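Engineer:
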Amino acid sequence: MSTTEDIPYWLYSLRKPCDQHENLALHTHKGIEFLEKYGGFVRERCAIEAEYAAKLRRLVKNYQPKKKDEEDYQYSACQAFKTMMNEVGDLAGQHEVVAEDLTSTVLQELQLLVRNLKDDRKKHMAEEAKLRSSLQTQLAALDRTKKAYEKAFKETEKALDEYQKADADLNLSRAVVEKARLNMVSKNQQCEEAKKDYANQLEKTNELQHQHYAALIPDVLRQLQELDERRVRSIKGFIIKSVEVERKTFPIMDKCLEGIVRAANNINEKEDTRLVIERYKSGFNPPEDFLFEDLQRGADEHSNSMISNHSNSLPSMSRVDTIKGTISAGKNKKRVGLFTSLFGNNKEDYTDLPPVQRRKKLQQKLDEIAVQINKETQTRDGLMKMKSVYEANSALGDPMSIEGQLNDSGHRLDKLRQEQLKFIAWLEESDGKGQLHNPVSSTTSSPSSQRSNSVHRNLLNGNSNGKQRHSSSDESVSPSASSDGSRHKQPPNTLALGTSHSPESGLGSRTSLPDSDRGDELGGAEGVDDDPDFADGPLTPLGTCKALYAFEASSEGSIPMFDGEELLLLELDQGDGWTRVRRMTDLEEGFVPTSYIECSLYSAC
């Protein structure tokens, strides 16, 4: 006989589980539904975590500084806010980690467990139904045999009673009495057989019933109990695992929060105040005090000036110098006017800003252009190396296929250097160094004018006939003669000048020969342009030049020339790679590349 330790807890507690199997089946069904409900909670939480992370990232993206507001983010408060947004983005990443880990380590296992529990419960319930059906079959068989035995027993008693009556009745013949006796014996035998069948069936039913309640049903209940306990134990594990998943993100979240606090502690109102002052400092001096105007004294001075008017009517030597300076300034105005027409006046030079702010903007622009020039130069160097490799081994590629890319790179460098010189000139102007001046007579000159002076001196101190090629570096770039002495008409690479190569960048004044002031003594002002504003006479040629290569004008201010054309030299190279010339036929004036011509200066008188 089984003890209470061998009986499942449910069976031991219920005592008679045959009438509670429906409640147990309902309990296990509700338990699995509860597990599915918990799985739905985890699934929705994962969705909320992912949605929260996405909304945090979208929030951070919406509040990221725009390009136009980048300058405002130099302040410590704005930088702290930007750092906080970055940390919030990292926090969003941790919420994404929570959603992913909950999905992979909890939700997927939970869904698999639900499927397994459903399958196991279905199998156990089918087994329990089978056992119950088998027991019911045995009970029905027992009932049938019992009824057969009862019927046989009653018929035996009836046959016995009839026999006894017949035997006691003397009027009946012996044959009738014998028949009653035989009927009684037959019924008695049938009763014994029914009794035996009933006894056998009773034994089988009792044995099956004992096995049913002592072994079979307890085994099914034990399996259902284990199933339910596994469900409860799994819920416990899932809850703990969910906490561990979230707790694993706490260190990183703490670092993010510490980063936000650290950024907040770096906010310095004094430093922000200094940056505001530095940003909006204009450089203007406060206005001077207003002077007292003595009206009576002004009237006296007016009468005295009328008297001295006649004495100042004749031009003095200083007045002549002033006129010459005005004419010289007119020349500069001519060239500056050309640049204004080329570049336009769209506040690109930041003239609408105060001096200090203008210098900052110009310097920032120059730094950006320098980075672009460096990048483009590296690209061009790479193309040159590739071309040299192709020339050394034609099997690797056609060298001429690189020419187009080299030309494009050269044009981009040319444009960048034009921009660089333009902004350098504006920066010098903002610093008080941008006034155009004569590079020969000026005591202080810019780097470009110093180079112009050097070229001027080299031309004056050259060979006996006064001829000298410009930019020797250009000769190294392009071949000047072949083995048979004939010249290859391949234009030199004007990028070798290291400066911008268009008339727009020719800032500076006209460079003249020494003692060229004789033009004034002959009645003509020195270097007066043919501009309508200064129509005193054309520029005096400094010499002649010959075109070594054909040139097609591609920008305003330049003029085309054909190979071998003779031109008049009006202005020397100012360091920008361009020389001002005049045609001998139609007197058209413009700029041509210095490296494309060979100059011959007039000998100094």
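Using our numbering, you'd call the opening residue of the sequence shown number 24 and step up by one each time.
Where is the CB? At the ideal position from N, CA and C, for every residue including glycine.
Keep in mind the model is a prediction, meaning the values are calculated, not measured.
For A106, collect the residues of the same chain with a Cβ closer than 6 Å to its Cβ; drop the 5 residues on either side in sequence, then sort them by chain order.
Structural biologist: Position 83 of the sequence shown holds residue 106. Position check: residue 106 holds Thr in this sequence, whereas Ala was assumed. For T106, where only same-chain residues beyond five positions count, the Cβ hits under 6 Å are A286.
Engineer: Going by the beta-carbon positions, is the gap between G112 and R80 smaller than 8 Å?
Structural biologist: Within the sequence shown, the letter at position 89 stands for residue 112. Within the sequence shown, the letter at position 57 stands for residue 80. Yes; because the gap between Cβ atoms is below 8 Å, this pair is in contact.
Engineer: Using a Cβ-Cβ cut-off of 6 Å (strictly less than) and excluding sequence neighbours within five positions of G360, which residues of its own chain qualify?
Structural biologist: As a first step, residue 360 must be located in the sequence shown, where it is residue number 337. Any reading at G360 is ruled out, since the residue's pLDDT is 42, under 50, leaving its predicted position unreliable.
Engineer: May I have the straight-line CA-CA distance separating K51 from Y221, to the nearest angstrom?
Structural biologist: Here residue 51 refers to the residue found at position 28 of the sequence shown. Here residue 221 refers to the residue found at position 198 of the sequence shown. Before going on, a small fix: residue 51 reads as Thr here, not Lys. So the alpha carbons of these two residues sit roughly 40 Å apart.
Engineer: Residue range of the alpha helix (DSSP H) that P241 falls in?
Structural biologist: Position 218 of the sequence shown holds residue 241. Bounds of the alpha helix (DSSP H) holding P241 are 240-270.
Engineer: With DSSP collapsed to three states, give me the class of I620.
Structural biologist: On the sequence shown, residue 620 is found 597 positions in, with the first residue counted as 1. Three-state result, I620: strand.
Engineer: Grouping DSSP H, G and I as helix and E and B as strand, with all else coil, what is K146?
Structural biologist: Position 123 of the sequence shown holds residue 146. Note: K146 maps to helix in three-state DSSP.
Engineer: Start and end of the alpha helix (DSSP H) containing E67?
Structural biologist: What you label residue 67 is simply residue 44 of the sequence shown in a count that begins at 1. Note, E67: alpha helix (DSSP H), 44-85.
Engineer: For A418, does the count of other Cβ atoms within 10 angstroms reach 16, so buried, or fall short, so exposed?
Structural biologist: Your numbering for residue 418 matches position 395 in the sequence shown. Looking at its Cβ environment, which holds fewer than 16 other Cβ atoms inside 10 Å, A418 is exposed.
Engineer: Nearest by alpha-carbon distance to E59: which of M108, Q102, V137 is it?
Structural biologist: Here residue 59 corresponds to residue number 36 of the sequence shown, with the count starting at 1. Nearest of M108, Q102, V137 to E59, Cα basis: V137.
Engineer: What's the C-alpha gap between Q234 and T160?
Structural biologist: Here residue 234 refers to the residue found at position 211 of the sequence shown. Here residue 160 refers to the residue found at position 137 of the sequence shown. One C-alpha to the other measures close to 15 Å.
Engineer: Are there three or more Cβ pairs, one per stretch, closer than 8 Å when the region 238-252 is compared with the region 147-165?
Structural biologist: By the Cβ test, the region 238-252 is in contact with the region 147-165, since at least three Cβ pairs between them sit closer than 8 Å.
Engineer: Just the Cα atoms here: how many angstroms apart are N476 and G598?
Structural biologist: Position 453 of the sequence shown, counted from the start, is the residue given in the question as residue 476. Position 575 of the sequence shown, counted from the start, is the residue given in the question as residue 598. Confidence at N476 is low in this model, with a pLDDT of 40, below 50, so its placement is unreliable and no value can be given for it.
Engineer: Would you tell me roughly how many angstroms separate the C-alpha atoms of T179 and Y172, rounded to the nearest one?
Structural biologist: Counting from one through the sequence shown, the residue named residue 179 turns up at place 156. Counting from one through the sequence shown, the residue named residue 172 turns up at place 149. Straight-line Cα distance between these residues: approximately 10 Å.
Engineer: Roughly how many angstroms separate the alpha carbons of R603 and E594, rounded to a whole number?
Structural biologist: The residue you call residue 603 lines up with position 580 of the sequence shown. The residue you call residue 594 lines up with position 571 of the sequence shown. So the two alpha carbons sit approximately 5 Å from each other.
Engineer: If you run the structure through DSSP and keep just helix, strand and coil, what is F614?
Structural biologist: If you number the sequence shown from 1, residue 614 lands on position 591. DSSP places F614 in strand when its eight states are reduced to three.
Engineer: Whose C-beta lies closer than 7 Å to the C-beta of A73 among residues of the same chain, with five residues either side of it excluded?
Structural biologist: In the sequence shown, residue 73 corresponds to position 50, counting from 1. If we look at A73 and ignore the five residues flanking it on each side, its Cβ neighbours are E119, A122.
Engineer: Label I392 either buried or exposed according to how many other C-beta atoms from any shown protein chain fall within 10 Å of its C-beta, with 16 as the threshold for buried.
Structural biologist: Here residue 392 refers to the residue found at position 369 when the sequence shown is read from its first residue. I392 should be labelled buried.
Engineer: Are there 16 or more other CB atoms within 10 angstroms of the CB of T617, so buried, or fewer, so exposed?
Structural biologist: Reading the sequence shown from its first residue, position 594 is the one you call residue 617. Buried: at least 16 other Cβ atoms inside 10 Å.
Engineer: State the DSSP-derived secondary structure class of T296, mapped to helix, strand or coil.
Structural biologist: On the sequence shown, position 273 is the one that residue 296 refers to. Of the three classes helix, strand and coil, the one that applies to T296 here is helix, per DSSP.
Engineer: Is DSSP giving K304 helix, strand or coil here?
Structural biologist: Mapped onto the sequence shown, residue 304 falls at position 281. Three-state result, K304: coil.
Engineer: Hey, L591 and C622: beta-carbon distance below 8 Å or not?
Structural biologist: Locating residue 591 in the sequence shown gives position 568, where the first residue counts as 1. Locating residue 622 in the sequence shown gives position 599, where the first residue counts as 1. No, Cβ-Cβ distance for L591 and C622 is not below 8 Å.
Engineer: Less than 8 Å separating the beta-carbons of L389 and F313?
Structural biologist: Mapped onto the sequence shown, residue 389 falls at position 366. Mapped onto the sequence shown, residue 313 falls at position 290. Not a contact, by the Cβ cut-off of 8 Å.
Engineer: Do you know offhand how far S411's Cα is from L439's?
Structural biologist: Taking the sequence shown and counting its residues from 1, the one referred to as residue 411 is at position 388. Taking the sequence shown and counting its residues from 1, the one referred to as residue 439 is at position 416. Straight-line Cα distance between these residues: approximately 25 Å.
Engineer: Start and end of the beta strand (DSSP E) containing V121?
Structural biologist: As a first step, residue 121 is located in the sequence shown; it is residue number 98 there, counting from the start. Per DSSP, V121 belongs to no beta strand (DSSP E); it is in the alpha helix (DSSP H), 99-125.
Engineer: What would DSSP say about T160, mapped onto helix, strand or coil?
Structural biologist: The count along the sequence shown starts at 1 and reaches residue 160 at position 137. DSSP places T160 in helix when its eight states are reduced to three.
Engineer: Which stretch, first to last residue, makes up the beta strand (DSSP E) that contains A570?
Structural biologist: Reading the sequence shown from its first residue, position 547 is the one you call residue 570. Taken as a continuous stretch (DSSP letters only), the beta strand (DSSP E) holding A570 covers 566-570.
Engineer: Can you tell me the Cα-Cα spacing of Q232 and L158, whole angstroms?
Structural biologist: Locating residue 232 in the sequence shown gives position 209, counting from the first residue. Locating residue 158 in the sequence shown gives position 135, counting from the first residue. Distance between the alpha carbons of Q232 and L158: 7 Å.
Engineer: Could you give the residue range of the beta strand (DSSP E) that holds E594?
Structural biologist: In the sequence shown, counting from the first residue as 1, residue 594 sits at position 571. DSSP places E594 in the uninterrupted beta strand (DSSP E) bounded by 589-594.
Engineer: Over what stretch of residues does the beta strand (DSSP E) that includes T602 continue unbroken?
Structural biologist: On the sequence shown, residue 602 is found 579 positions in, with the first residue counted as 1. It spans 601-606 - the beta strand (DSSP E) in which T602 sits, taken as one unbroken run.
Engineer: Let me know if S626 comes out buried or exposed under the rule of 16 or more other beta-carbons within 10 Å of its beta-carbon.
Structural biologist: Taking the first residue of the sequence shown as 1, we reach residue 626 at position 603. Label assigned to S626: exposed.
Engineer: Touch check for the region 296-309 and the region 373-382: three-plus C-beta pairs under 8 Å?
Structural biologist: yes
Engineer: Which two residues bound the contiguous alpha helix (DSSP H) that contains M276?
Structural biologist: Residue mapping note: residue 276 aligns to position 253 of the sequence shown, counting from 1. Per DSSP, M276 is one residue of the alpha helix (DSSP H) stretching across 273-288.
Engineer: Which stretch, first to last residue, makes up the alpha helix (DSSP H) that contains I396?
Structural biologist: Start at 1 with the first residue of the sequence shown, and residue 396 comes out as number 373. Here the alpha helix (DSSP H) through I396 covers 378-415.
Engineer: Within the continuous alpha helix (DSSP H) that includes I447, where are the two ends?
Structural biologist: Mapped onto the sequence shown, residue 447 falls at position 424. I447 -> alpha helix (DSSP H) spans 426-453.
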